[in-house]
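First the structure, in the form of structure tokens, and then the observations on it.
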């Protein structure tokens, strides 16, 4: 593959991944906004602080404070005092937050499953391999 072909592949993959991401989020309206879903999912991955979330999400601390406050107000996230430093606030998902994530992920998975209907076995096999390759690429 030539360098120009690789550049074209990179641009095509980026565009397709963005379209999939956008469509799966906006075609599956849930009770929370896409940015709230992203924050809730990251909190579920492990108890964390608002400051760390702001870094991960590339937003300002005040913006993350508002997002976390909304999630706490809705009962999806709990604030917990750090056992080592009482000035630090840790975050964790509540049972309602985990339920919301399961529901939203289920809707997004169903959306993708609907789009896979009609593909041949061979096309699905190619997508399985492509998914594994993309997973490795993103993990770098």
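Residue numbers (full-length UniProt numbering): 1 to 140.
Just so it is clear, CB atoms sit at the ideal spot from N, CA and C, and this is done for glycine as well.
Checklist entry - DSSP on residue 67, reduced to helix/strand/coil? => result helix
Item to check | Backbone secondary structure at residue 38 - three-state DSSP | outcome: helix
Checklist entry - With DSSP run on the structure shown, which of helix, strand or coil describes residue 142? => result There is no way to answer for residue 142, as the model of the chain reaches only from 1 to 140.
Checklist entry - Do three or more CB pairs link the segment 39–48 to the segment 5–14 at distances below 8 Å? => result no
Next on the checklist: Our contact map puts residue 93 next to residue 80 with C-beta atoms below 8 Å; I'd like the distance itself, whole angstroms only.
Outcome noted: With 8 Å as the limit, residue 93 and residue 80 do not qualify as a contact, their Cβ atoms being about 11 Å apart.
Checklist entry - What three-state label does DSSP hand residue 119 in the structure shown? => result coil
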